[in-house]
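Every letter in the sequence shown is one number past the one before it in our numbering, and letter 320, counting from 1, is 328.
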Amino acid sequence: MNKQNILIIILLLSAFVHAQKDLKSDLLFSDQTPLEIKLGYSNKDLDRKTDDSTFIHTSLQYLHEEKWLAIEVDLRARGNFRRSTCYFPPVKMKIKKAQYKGTLFDGNKSMKLVMPCKLEKASNDNVLQEFIAYKIYEKISPYHFKTRRVNIDFKEAKGKKKVKEFQLTGFFIEDNKRLAQRFEARPFERYVHPMAMQHLTSVHIAFFQYLLGNTDFSTAYQHNSKLMYMDKQIIPLPYDFDMTGWVNPSYATVNETLGIKSVQDRKYRGLKREQKYFDEVRKQLIDQKSDITNMVASFEADFSDPKEYENMFTFMELFYDVLEDDGKFKKSIVDQARTK
């Protein structure tokens, strides 16, 4: 068998491995133009009256094919740190089948809605920065959460008669069960050592988290990470990227036990694996540099504050300075890989 035939077989096998099943829930995420939505509820009620099993009920209006439509949704606050810190707690949304069937939201029984945290000038830009991080990972790995940006006309109930209005940037994140279903896999929800996880995807994530300047995650304990079981392999799936140097929000906290003083001090937190995986992912990201940087640049006009965009873009360039220099790559990534 000649080299050309071998290459064709490898490409076909790769396509088969990464094949994804089409789902009704994909309709919401197939169009990447920001979706205009209207929401209204009390942040105080969301924070105080909801938990893992208790939700508040409200109407979600959305603009689709030049018409405003509405569905009923159930919401609860999610997260720990942001829930206690943010003016707008991040949201877990559930929709009953009778409501989503035949609509733009068809198949999406459960989703996350990411919203700004603080009432600050940079808050909407910070959400956009986190959204772009998800889009970068889409280019790095086939195993990623689908997202859809939204512009939110938010009316907050403040007592019986008072209403406060906000124009917010946000985005939907598909449910991990839907992600697993796309790959005909299943969620994996128990502790497993990271070295038992698929090597290539694990290195993809470690490099990506280093790009973002993220230390606020744990694949082993599924902190800002999910797992799925597919073809006898455990695949890690990263999410929640606000506490990063990439976003650099005002409320970011630093894990100084890692020897860093700022979230913009990068620290490689991946485990030591065979050198071939480091080399493969390094080459992939260098080959994708133009594609990734052009994609990031395409969002420049969407930022309210040009400095937020400039700082984010410069932070990405510093990542590539490390990746493209043999000495810096070895010192900052390969030699920093953890043994346990």
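Note that the Cβ used here is the ideal one computed from N, Cα and C, for glycine as well.
query, result
"Give the secondary structure of residue 33 by DSSP, where H, G and I count as helix, E and B as strand, and everything else as coil.", "helix"
"Using the three-state DSSP reduction, which class does residue 243 fall into: helix, strand or coil?", "strand"
"Go through its chain and collect everything with a Cβ distance to residue 236's Cβ below 8 Å, but skip five positions before and after it.", "151, 184, 187, 188, 191, 193, 194, 195, 196, 242, 243 and 245"
"With the cut-off set at 8 Å, would you say residue 332 and residue 294 are in Cβ contact?", "yes"
"Please work out which residues of its chain come closer than 6 Å, Cβ to Cβ, to residue 107, disregarding the five sequence neighbours upstream and downstream, and give them in chain order.", "79 and 80"
"CA-CA distance, residue 98 and residue 48?", "14 Å"
"Please state the DSSP three-state secondary structure of residue 147.", "helix"
"When we look at the beta-carbon of residue 254 and count the other beta-carbons within 10 Å, is it buried (16 or more) or exposed?", "buried"
"Would you kindly work out how many angstroms separate the C-alpha atoms of residue 22 and residue 304, rounded to a whole number?", "Confidence at residue 22 is low in this model, with a pLDDT of 45, below 50, so the placement of that residue is unreliable and no value is reported for it."
"In this structure, does DSSP put residue 69 in helix, strand or coil?", "strand"
"Within 10 angstroms of its Cβ, does residue 145 collect 16 or more other Cβ (buried), or is it exposed?", "buried"
"Would you mind reading off the limits of the alpha helix (DSSP H) that contains residue 318?", "314 to 331"
"Counting only runs of 4+ residues fully inside the segment 250 to 299, write out the alpha helix (DSSP H) ranges in chain order.", "283 to 295"
"Determine, using beta carbons only, whether residue 161 and residue 46 come nearer to each other than 8 Å.", "yes"
"Can you name the residues that DSSP bridges to residue 176?", "160"
"Could you please give the first and the last residue of the uninterrupted beta strand (DSSP E) stretch that includes residue 129?", "Neither: residue 129 is in no beta strand (DSSP E) and is coded neither H nor E."
"Quick check on the DSSP output: the beta strand (DSSP E) that includes residue 248 runs from which residue to which?", "Here residue 248 belongs to no beta strand (DSSP E), and DSSP marks it neither H nor E."
"With distances taken Cα to Cα, identify the nearest neighbour of residue 101 among 198, 91, 117 and 224.", "117"
"Consult DSSP for residue 49 and reduce its assignment to one of helix, strand or coil.", "strand"
"With distances taken between CB atoms, is the gap from residue 156 to residue 36 smaller than 8 Å?", "yes"
"May I ask whether a heavy atom of the ligand MG can be found less than 7 Å away from the beta carbon of residue 305?", "The ligand content of the structure shown is nil, which means the ligand MG is not present either."
"Can you tell me the Cα-Cα spacing of residue 15 and residue 143, whole angstroms?", "Annotation note: pLDDT 44 at residue 15 (below 50); position unreliable, no value reported."
"Got a sec, what are the start and stop residues for the beta strand (DSSP E) residue 84 sits in?", "75 to 85"
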